[in-house]
Amino acid sequence: EVNGNKASFPFGFGVSVAGFSDIIYEHYHSNIPDWTYLEAGDPEKDREKLIDRSPITHYEKITGPLLLIHGNHDDRVSIEGSRMMYKALKSIDKPVEFLEVDGQGHGFKGIDNNILYYSTILNFIDKL
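In C-alpha cells:
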C-alpha cells in the first residue's frame with residue numbers, strides 16, 4: 001500500500017543494478033544526499049514515509065528470483081543497500097543472487113567487467 005492505494009504487481013523475476021534498498025540510509029551514505037532529499041523527502045520530517053517506501057521494508061513480499069549487481073566502489077549508491085537486501089532475502093530463503101563487482105563504481109568500466117555484467121544477467125534469466 002502506498003499513499004492509501006493498494007496494488008499488486010506480480011513479477012516473475014527482478015534484476016537490480018546499483019539499486020538502493022533503504023532511502024534513509026542512502027541519504028546519509030551517498031554522494032548525492034540532495035537528490036534523495038528532493039526526490040524522496042526529508043529523512044527527518046518524512047521518516048515514516050521513507051521507511052515505508054524503502055524496498056528493504058517489504059523484502060518479505062518479493063516472490064520471484066532477484067539478481068542484485070553492484071560495484072563495491074560505488075559512491076553514488078552505497079553497496080550496503082544491496083548487501084542488506086541480499087542478507088534479508090537469504091535469511092528467509094528467498095531466491096536471490098548477488099554479484100559484487102570488485103573495484104567498480106556506479107557503472108562498470110572495461111570490457112571484462114561489462115562481459116561479466118551482461119553474462120551474469122543472461123545466465124540468471126536463462127535459469128528461470
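Per the numbering used here, residue 1 is the first one in the sequence shown, and the count goes up by one each step.
Cβ coordinates follow ideal geometry from the N, Cα and C atoms, glycine included.
Beta-carbon separation (whole angstroms), residue i vs residue j, contact threshold 8 Å
i          : j           : result
residue 64 : residue 107 : 26 Å between Cβ atoms; not a contact.
residue 30 : residue 78  : 6 Å
residue 85 : residue 43  : Incorrect: roughly 19 Å between the Cβ atoms, too far for contact.
residue 73 : residue 105 : 5 Å
Helix, strand or coil at residue i according to DSSP, with G and I counted as helix
i           : result
residue 16  : strand
residue 41  : coil
residue 125 : helix
residue 27  : helix
residue 110 : coil
CA-to-CA distance, residue j to residue i, given in whole angstroms
i           : j           : result
residue 45  : residue 125 : 40 Å
residue 130 : residue 66  : Nothing about residue 130 can be read from this structure; the chain reaches only from 1 to 128.
residue 38  : residue 32  : 10 Å
residue 97  : residue 118 : 14 Å
residue 123 : residue 15  : 12 Å
residue 128 : residue 62  : 16 Å
residue 27  : residue 120 : 29 Å
residue 59  : residue 10  : 14 Å
residue 49  : residue 114 : 36 Å
residue 152 : residue 112 : Nothing can be reported for residue 152, as the shown portion of the chain is limited to 1 through 128.
residue 89  : residue 34  : 29 Å
residue 51  : residue 25  : 10 Å
residue 36  : residue 22  : 11 Å
CA nearest to the CA of residue i, picked from the options
i           : options           : result
residue 100 : 94, 89 and 80     : 80
residue 53  : 98, 61, 34 and 40 : 40
residue 20  : 82, 10 and 42     : 82
residue 75  : 111, 103 and 112  : 103
residue 18  : 71, 36 and 25     : 71
Per DSSP, the bridge partner or partners of residue i
i           : result
residue 105 : Paired residue(s): none; residue 105 is not in a bridge.
residue 96  : 66
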